[in-house]
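Colleague:
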Amino acid sequence: MPKFEIDSVEDLHAYYVYIIGVNDFDFWHLPIQTIHIMAENKTAIESFMNHEEEKQAKKKR
């Protein structure tokens, strides 16, 4: 979760849909716990991929 304060469902929607990239339909139709897990998984995968890209870039130098 973000380090900023979330005051409303609109804040949650903006964070998960526009910042994290969760599907809008999923946000409105799945339990919030599921959305949170999806966001955690997505950010973990992106972190892993970025790390792998950095490793490959260092190897090419």
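All residue numbers for the sequence shown refer to our numbering, where the first residue is 52 and numbers rise by one.
Idealized CB from N, CA, C, for every residue including glycine.
1. H90 to K54, Cα distance in whole Å?
2. If I86 sits next to D77, beta carbons under 8 angstroms apart, how far is it from one beta carbon to the other, in whole angstroms?
3. Given a cut-off of 8 angstroms, decide if Y67 and V73 are closer than it, judged by their beta-carbon atoms.
4. Does the distance between the C-beta of D77 and the nearest non-hydrogen atom of the ligand MG fall short of 7 angstroms?
Modeller: Quick look at the numbers:
1. Checking the sequence shown, residue 90 turns out to be Ala, not His. Rounded to the nearest angstrom, the two C-alpha atoms are 15 angstroms apart.
2. 7 angstroms
3. yes
4. No copy of the ligand MG appears in this structure; indeed no ligand is present at all.
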